[in-house]
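With the first letter of the sequence shown counted as 1, position 136 gets the number 136 in the UniProt record's numbering; the numbers rise by one all the way through.
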Amino acid sequence: MTHLQTLLAETPYLAYSYAYPHKSAYRPFARPLPLQQIWEPEDRTDLSLYIHLPFCEYRCGFCNLFTLSNPQDDLATQYLQQLRIEARQVRDQLPDFHFSQLAIGGGTPTYLEPNELAQLFDILQKELNTSPAQLPCSLEASPATLTAEKVALIHDQGIDRISLGIQSFDEQEALSIGRPQKRREILEALELVRNVGIPTLNLDLIYGADGQTVDSFHDSLQQALAFQPEELYLYPLYVRPLTGLGRKPQQWDDHRLTLYRTGRDFLLERGYTQHSLRMFRRTDAIQPHDTQYCCQTDGMIGLGCGARSYTSRMHYSSEYAVGRSGVAAIIAHYLEQESESFASAHYGVQLDREEQQRRFLIMSLLQTTGLSRDFYARTFGGDVLNQFPDLRELEEHGLARITADTIILTPAGLERSDTIGPWLYSEQVLQRMETFQCH
Numbered sequence: 001m002t003h004l005q006t007l008l009a010e011t012p013y014l015a016y017s018y019a020y021p022h023k024s025a026y027r028p029f030a031r032p033l034p035l036q037q038i039w040e041p042e043d044r045t046d047l048s049l050y051i052h053l054p055f056c057e058y059r060c061g062f063c064n065l066f067t068l069s070n071p072q073d074d075l076a077t078q079y080l081q082q083l084r085i086e087a088r089q090v091r092d093q094l095p096d097f098h099f100s101q102l103a104i105g106g107g108t109p110t111y112l113e114p115n116e117l118a119q120l121f122d123i124l125q126k127e128l129n130t131s132p133a134q135l136p137c138s139l140e141a142s143p144a145t146l147t148a149e150k151v152a153l154i155h156d157q158g159i160d161r162i163s164l165g166i167q168s169f170d171e172q173e174a175l176s177i178g179r180p181q182k183r184r185e186i187l188e189a190l191e192l193v194r195n196v197g198i199p200t201l202n203l204d205l206i207y208g209a210d211g212q213t214v215d216s217f218h219d220s221l222q223q224a225l226a227f228q229p230e231e232l233y234l235y236p237l238y239v240r241p242l243t244g245l246g247r248k249p250q251q252w253d254d255h256r257l258t259l260y261r262t263g264r265d266f267l268l269e270r271g272y273t274q275h276s277l278r279m280f281r282r283t284d285a286i287q288p289h290d291t292q293y294c295c296q297t298d299g300m301i302g303l304g305c306g307a308r309s310y311t312s313r314m315h316y317s318s319e320y321a322v323g324r325s326g327v328a329a330i331i332a333h334y335l336e337q338e339s340e341s342f343a344s345a346h347y348g349v350q351l352d353r354e355e356q357q358r359r360f361l362i363m364s365l366l367q368t369t370g371l372s373r374d375f376y377a378r379t380f381g382g383d384v385l386n387q388f389p390d391l392r393e394l395e396e397h398g399l400a401r402i403t404a405d406t407i408i409l410t411p412a413g414l415e416r417s418d419t420i421g422p423w424l425y426s427e428q429v430l431q432r433m434e435t436f437q438c439h
């Protein structure tokens with residue numbers, strides 16, 4: 001059997017390849033690397049800016065993100081003070097950047113109080129000379145942390161996309177994945193967002209919860225569509241190490257695949273277009289801003305503990321953990337750093353040419369638009385099938401269509417995205433991930 005055949009014989013849900021390499025492939029650099037040196041050869045005209053706020057009211061059982069639940073009272077204030085120092089230092093090191101999009105994530109940014117959110121927007125304006133009103137901006141939120149005051153502030157700042165982590169409208173299903181929430185809170189939050197007029201509403205739903213059925217998932221989808229969200233993300237439930245669910249022995253089978261197909265067909269029949277395994281957008285929804293950012297080739301500057309930054313040759317961030325003690329220790333270290341330390345990268349991974357090519361493949365193939373062979377050739381100076389001949393195996397298994405112009409996953413291939421992504425990982429990255437010591 002080939003490597004692909006071996007993986008296809010396993011679960012369809014090996015790993016979510018939303019970025020490559022994964023943070024578990026990062027390591028401390030032998031010496032600090034100055035940001036000016038890292039970014040000097042890079043095009044900085046269309047960068048993405050990401051702000052990470054690693055705080056939540058509680059950690060959901062399925063979550064392996066870098067976040068700390070119920071932090072001590074003054075920790076968010078200390079964090080914002082340090083974030084301002086970091087932003088100022090990065091601006092001084094890279095004065096000629098231009099951002100084409102902004103995302104504020106976590107954690108749960110709306111865990112912050114209104115005055116703290118106002119401080120965040122002040123940092124963006126004063127230290128980086130940017131604001132959500134100037135470029136496409138997305139902010140993540142949870143129903144329990146949204147208030148009328150916060151939603152009004154978010155709207156007044158010009159944020160044009162808010163992403164609400166609903167997961168399920170069924171209280172018992174949500175509880176089974178470690179997310180205690182009331183349906184009433186969800187409905188109130190949705191009413192707040194819709195009434196204020198933020199242009200793009202995204203809702204996250206999860207399938208595969210204990211006790212979830214096709215009918216109950218269908219019911220959550222129907223309740224979501226009652227608010228006409230411009231976007232929906234349908235996430236398969238994963239059992240991950242060092243999460244609440246990762247410590248529970250559970251059996252997984254093709255039930256998630258059945259639920260995925262249910263959700264996909266339901267949304268396609270109701271005027272949504274599929275953009276990836278997880279992402280669906282309402283076909284008639286208007287894009288509020290046009291962005292020139294290209295995830296395959298353009299860089300990203302991440303600010304805050306837990307944020308990562310990308311150049312074409314290097315990815316870097318703070319250290320990574322999931323367990324509470326590990327996350328708390330990393331945040332404590334972040335708060336202790338002197339301003340000068342933010343002028344360098346200390347932890348990350350360098351990408352040689354092959355890793356750059358693999359990242360391009362993953363970031364392209366797992367979208368419904370697929371991989372442009374011409375774009376690849378212009379970027380790397382060769383035909384992708386000559387450099388990665390194993391890609392033809394996707395077509396042999398009915399997972400992709402290969403033409404002179406593109407390589408595009410079929411519906412069967414798209415639903416195996418979480419197999420195809422890991423199949424494209426290099427041996428070096430896999431080894432680094434396997435030997436990572438998670439805390």
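Ideal Cβ positions, reconstructed from N, Cα and C, are used throughout, including at glycine.
Here the structure is a predicted model, which means the values were calculated and not measured.
When only Cα atoms are considered, glutamate 116 and threonine 273 end up about 37 Å apart. In the three-state reduction of the DSSP assignment, valine 239 falls in the coil class.
The beta carbon of isoleucine 123 lies closer than 8 Å to those of Leu80, Leu83, Arg84, Ala87 in the same chain, with the five residues before and after it left out.
With respect to the C-alpha of glycine 211, the residue from Asp156, Ile177, Glu230 having the closest C-alpha is Ile177. A straight-line Cα-Cα distance of about 35 Å links leucine 139 and aspartate 405. DSSP places leucine 135 outside both helix and strand once states are collapsed to three, so it counts as coil. Ranked by how close their Cα comes to the Cα of threonine 369, the residues His275, Leu153, Asp418 have His275 in first place. Runs of the beta strand (DSSP E) lying entirely within the stretch 108 to 169, each at least 3 residues long, are 137 to 141, 161 to 167 in chain order.
Inter-residue distance for tyrosine 50 and arginine 270 is about 32 Å (C-alpha atoms, whole angstroms). Counting every other CB atom within 10 Å of its CB across the protein chains shown gives serine 325 a total below 16, marking it as exposed. In chain order, Phe121, Pro132 place their CB closer than 6 Å to the CB of glutamine 157, counting only its own chain and leaving out the 5 sequence neighbours on each side.
Put simply, the stretch 5 to 20 touches the stretch 405 to 420. At least three CB pairs are less than 8 Å apart. Glycine 165 and aspartate 219 have their alpha carbons spaced roughly 17 Å apart. In this chain, the alpha helix (DSSP H) harbouring methionine 363 covers 353 to 365. Note that the C-beta distance between leucine 409 and leucine 424 is not below 8 Å.
DSSP places glycine 304 outside both helix and strand once states are collapsed to three, so it counts as coil. When the beta-carbon positions are compared, proline 28 and histidine 315 stay at least 8 Å from each other. Within the model, the alpha-carbon separation for leucine 135 versus aspartate 46 is close to 11 Å. Judged by DSSP secondary structure, arginine 264 falls within the alpha helix (DSSP H) whose first and last residues are 255 to 268. Straight-line spacing of the CA atoms in serine 142 and threonine 110 works out to 7 Å. Two segments are said to touch when three or more pairs of C-beta atoms, one from each, lie closer than 8 Å; by this definition the stretch 346 to 362 touches the stretch 305 to 320. Using a Cβ distance threshold of 8 Å, tyrosine 260 and leucine 234 count as a contacting pair. Annotation: the continuous alpha helix (DSSP H) that includes tyrosine 334 extends over 324 to 336. If only uninterrupted alpha helix (DSSP H) runs of at least 4 residues are considered, those enclosed by the stretch 345 to 432 are 353 to 365, 373 to 380, 384 to 387, 392 to 396, 411 to 414, 417 to 423. By the neighbour-count criterion, in which a residue is buried when 16 or more other Cβ atoms sit within 10 angstroms of its Cβ, leucine 201 is buried.
Residues of the same chain with a CB within less than 6 Å of the CB of alanine 103, apart from the 5 flanking positions on each side, are Tyr50, Ser138 in chain order. The beta carbon of leucine 4 is closer than 6 Å to those of Glu393, Trp423 in its chain, skipping five residues each way along the sequence. Put simply, the backbone Cα of arginine 31 is about 45 Å away from that of threonine 403.
Cα atoms of arginine 161 and methionine 1: separation of roughly 45 Å, rounded to the nearest angstrom.
The shortest CA-to-CA distance from histidine 397 to any of Gln357, Thr258, Pro411 is the one to Pro411. In this model, arginine 353 and glutamate 149 are separated by some 48 Å (Cα to Cα).
Bounds of the alpha helix (DSSP H) holding phenylalanine 217 are 214 to 225. Contact annotation: glutamine 36 and glutamine 89 have beta-carbon atoms that are not nearer than 8 Å. Judged by their CB atoms, arginine 194 and phenylalanine 227 are nearer to each other than the 8 Å cut-off.
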